[in-house]
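Protein chains: 2
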Amino acid sequence: MKPVEGNKSTREVKVVTRVLAVNERMAEQNRRRFAEKGVFVINVMSSPGSGKTTTLQKTLERIMPGIRAAVIVGDVSTTHDADRLAVTGAPVVQVNTDAFGGDCHLAAHVIEKAADAIDLDAIDLLIIENVGNLVCPAEFDIGEDARVVVLSVTEGEDKPVKYPTMFRLCDAALLNKIDLLPHLDYDKAQAVGYIQQVHPGMPIFEISARSGEGLEAWINWLREKIRVKLAARSK
Amino acid sequence: MKPVEGNKSTREVKVVTRVLAVNERMAEQNRRRFAEKGVFVINVMSSPGSGKTTTLQKTLERIMPGIRAAVIVGDVSTTHDADRLAVTGAPVVQVNTDAFGGDCHLAAHVIEKAADAIDLDAIDLLIIENVGNLVCPAEFDIGEDARVVVLSVTEGEDKPVKYPTMFRLCDAALLNKIDLLPHLDYDKAQAVGYIQQVHPGMPIFEISARSGEGLEAWINWLREKIRVKLAARSK
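First to last, the protein sequences are chains A and B. Numbering (the working numbering) for the first sequence: 83 to 317. Numbering (the working numbering) for the second sequence: 83 to 317.
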């Protein structure tokens with residue numbers, strides 16, 4: 083158990099820093115554009131298979147049409163998630179990152195382009211379902227107002243401490259698939275403790291997207307965030 | 083559902099290509115070094131929380147000491163997995179990528195350095211547990227002889243088509259957590275079909291690392307791979 087130091091070259095680090103700086107500028111442009119249109123933007127991130135799409139599907143069913151929503155979905159490949167979300171009636175734009183090298187995250191310039199395909203005047207909420215990945219998406223600001231991480235209880239308790247950047251940068255965590263708890267050796271108190279250790283005070287919503295359990299508290303949190311944003315627009 | 087094309091600059095793509103070319107050379111160096119020592123190297127990849135560590139723990143318990151094994155474990159942060167694997171008595175080296183920018187994968191130069199901490203003359207098998215991520219680790223050759231992807235049935239059926247590079251490059255797939263099948267809406271035939279669609283003929287082992295079910299077939303496959311390598315050494 084000897085920790086090993088990397089010997090990544092300074093040159094490479096410089097290049098990465100430059101890419102991130104360009105992304106940061108484009109993210110700010112996106113943020114201004116969404117603010118002018120009074121659109122609340124939420125960036126939803128998680129491991130592959132944590133239940134992001136089902137959670138968003140159930141969320142859209144409960145908040146539309148009162149809240150007018152659209153979705154940008156990021157995947158390396160396929161339109162499976164977009165197809166599932168389109169059933170809700172929300173406009174859905176699928177981004178396939180394999181069109182440009184199989185990127186493991188959505189970057190600000192990709193969101194800028196995807197947003198062109200959406201009538202921003204006609205919506206209050208833009209949901210961005212990021213590529214399934216607990217590492218890279220956290221490093222790319224895309225101009226969102228809030229970040230949410232979905233964590234399935236089937237993934238074990240320790241993901242918050244193993245992927246701390248994601249949990250530190252998010253504004254809320256959804257602990258999903260709690261309907262499976264009776265069948266797992268899962269210490270929920272430990273998982274919640276790990277989240278609070280990395281990000282003290284972050285709201286945690288225990289949900290089952292499949293059964294619908296717990297969705298109300300999460301949706302109330304989201305509604306309140308949107309309400310504050312819309313109130314600012316009408317000033 | 084309009085696919086969006088990225089406008090990633092040529093400059094950025096060139097830099098990424100250069101990084102990958104350097105990695106490729108270092109991976110070949112690793113491969114020669116491991117071959118000279120007669121060590122079979124397996125790179126184990128998956129989403130976060132698919133059960134890699136439990137699978138490897140149970141595998142080590144069954145193959146040691148007949149097969150002398152060591153493990154390199156990659157995580158962004160913590161030594162949780164290394165602590166769990168060290169219980170088996172195998173030498174374990176933990177790599178924490180947050181020491182060099184929070185990398186989302188293990189690269190060949192990191193493996194080169196980590197391997198310095200292991201007595202390669204004293205082992206037959208080096209297991210590398212990669213960072214939990216279905217995208218990036220597939221792109222980095224680290225000098226391994228075989229690649230294995232672990233897929234939990236709780237992640238849904240469609241991960242092979244959503245992350246095709248990973249499944250295309252791997253030599254075997256472990257479909258884990260099958261003890262949970264009675265509690266899930268999971269179409270196993272569809273999942274297997276997706277794997278075969280992306281990588282026709284790839285061996286698929288259905289296992290429950292928790293209960294031990296199905297581990298024997300996977301371990302027989304691994305034993306046979308190691309046997310062939312050791313036979314080549316003794317020539």
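We put the CB at the ideal spot given by N, CA and C, even for glycine.
Subject >> Contact under 7 Å by Cβ, A228/B with I301/B >> reply: Here residue 228/B refers to the residue found at position 146 when the second sequence is read from its first residue. Here residue 301/B refers to the residue found at position 219 when the second sequence is read from its first residue. No, these two residues do not count as a Cβ contact at 7 Å.
Original post:
Alpha carbon to alpha carbon, what distance is there between G294/A and P199/A?
Top reply: By 1-based counting over the first sequence, the position of residue 199/A is 117. By 1-based counting over the first sequence, the position of residue 294/A is 212. The sequence shown places Ala at residue 199/A, not Pro. Using only the alpha carbons, I get a separation of about 31 Å.
**OP:** Specify the secondary structure class of G156/B as computed by DSSP and reduced to three states.
**Re:** As a position in the second sequence, residue 156/B is number 74, starting the count at 1. Correct three-state label for G156/B: strand.
Original post:
Out of curiosity, what's the CA-to-CA distance linking G171/A and A254/A?
Top reply: On the first sequence, position 89 is the one that residue 171/A refers to. On the first sequence, position 172 is the one that residue 254/A refers to. Those two C-alpha atoms are separated by around 26 Å.
Original post:
Per DSSP, what kind of secondary structure is I260/A in: helix, strand or coil?
Top reply: Here residue 260/A refers to the residue found at position 178 of the first sequence. Helix, per DSSP.
Original post:
Would you say L304/A reaches chain B, if we count a Cβ-Cβ gap shorter than 7 Å as a contact?
Top reply: To locate residue 304/A, count along the first sequence from 1; it is residue 222. No, its Cβ sits nowhere closer than 7 Å to a Cβ of chain B.
Original post:
Quick one: what does DSSP say E211/B is sitting in, helix, strand or coil?
Top reply: Working through the second sequence from its first residue, we reach residue 211/B at position 129. Reduced to three states, the DSSP call for E211/B is strand.
**OP:** Note down the Cα distance separating M284/B from L257/B, rounded to an integer number of angstroms.
**Re:** By one-based count along the second sequence, residue 284/B stands at place 202. By one-based count along the second sequence, residue 257/B stands at place 175. Their Cα atoms are separated by approximately 12 Å.
**OP:** Can you check the stretch 254-298 of chain A for any alpha helix (DSSP H) of at least 4 residues that lies completely inside it and give the ranges in chain order?
**Re:** 270-280
Original post:
For chain B, is any of its Cβ atoms less than 7 Å away from the one on K84/A?
Top reply: For this step, residue 84/A is matched to residue 2 along the first sequence. For K84/A, the pLDDT reaches just 36, beneath the cut-off of 50, and the residue's location in the model is therefore unreliable, although a value from the coordinates is still provided. Chain B contact via Cβ: present.
Original post:
Under the three-state reduction of DSSP, which class applies to V175/A: helix, strand or coil?
Top reply: As a position in the first sequence, residue 175/A is number 93, starting the count at 1. Three-state DSSP puts V175/A in a strand.
**OP:** Closer than 8 Å by C-beta to V213/B: which residues in its own chain qualify, once you throw out the five before and the five after it? Chain order, please.
**Re:** In the second sequence, the residue the question calls residue 213/B occupies position 131. Counting only Cβ-Cβ distances below 8 Å, and skipping sequence neighbours, we find G156, D157, V158, T179, D185, C186, H187, L188, P219.
Original post:
By how many angstroms is the C-alpha of S128/A removed from the C-alpha of V63/A?
Top reply: In the structure displayed, chain A extends from 83 to 317; residue 63/A sits before or after that span and is not available.
**OP:** Please indicate yes or no: does the CB of D157/A lie closer than 6 Å to some heavy atom of the ligand GTP?
**Re:** By its list of ligands, the structure shown contains no ligand whatsoever, and the ligand GTP lies outside what it can speak to.
**OP:** Name, please, each residue of chain A whose Cβ falls closer than 8 Å to the Cβ of E143/B.
**Re:** Here residue 143/B corresponds to residue number 61 of the second sequence, with the count starting at 1. By Cβ distance, chain A contributes nothing, its closest Cβ being about 18 Å from E143/B, past 8 Å.
Subject >> Status (buried if at least 16 other CB within 10 Å, exposed otherwise) for D267/B >> reply: Here residue 267/B refers to the residue found at position 185 of the second sequence. Exposed.
**OP:** Determine the direct distance from the alpha carbon of H281/B to that of A204/A, and round the result to whole angstroms.
**Re:** Your numbering for residue 204/A matches position 122 in the first sequence. Your numbering for residue 281/B matches position 199 in the second sequence. Spanning the two alpha carbons is a distance of roughly 43 Å.
Original post:
With a Cβ-Cβ cutoff of 7 Å, do S234/B and K259/B count as a contact?
Top reply: Sequence index remark: in the second sequence, residue 234/B carries index 152 (1-based). Sequence index remark: in the second sequence, residue 259/B carries index 177 (1-based). Cβ distance < 7 Å, so S234/B and K259/B count as in contact.
**OP:** Select from M108/B, W303/B, V310/B the residue whose C-alpha is nearest the C-alpha of E194/B.
**Re:** Translated into the one-based positions of the second sequence, residue 194/B becomes position 112. Comparing Cα positions, the closest option is M108/B.
**OP:** For P246/B, go through chain A and note every residue whose CB falls closer than 7 Å to its CB, in chain order.
**Re:** Within the second sequence, numbered from 1, the residue matching residue 246/B stands at position 164. Ordered by position in chain A, the residues that pass the 7 Å Cβ test against P246/B are S159.
**OP:** Report all residues from its chain with a CB closer than 8 Å to the CB of I145/B; omit the five preceding and five following residues, and keep chain order.
**Re:** For the purposes of this step, residue 145/B is taken as the residue at position 63 of the second sequence. A151, L207, I301, L304, R305.
Subject >> Integer-rounded CB distance, given that V174/B should sit under 8 Å from L167/B >> reply: As a position in the second sequence, residue 167/B is number 85, starting the count at 1. As a position in the second sequence, residue 174/B is number 92, starting the count at 1. At roughly 5 Å, the Cβ-Cβ gap stays under 8 Å, so L167/B and V174/B are in contact.
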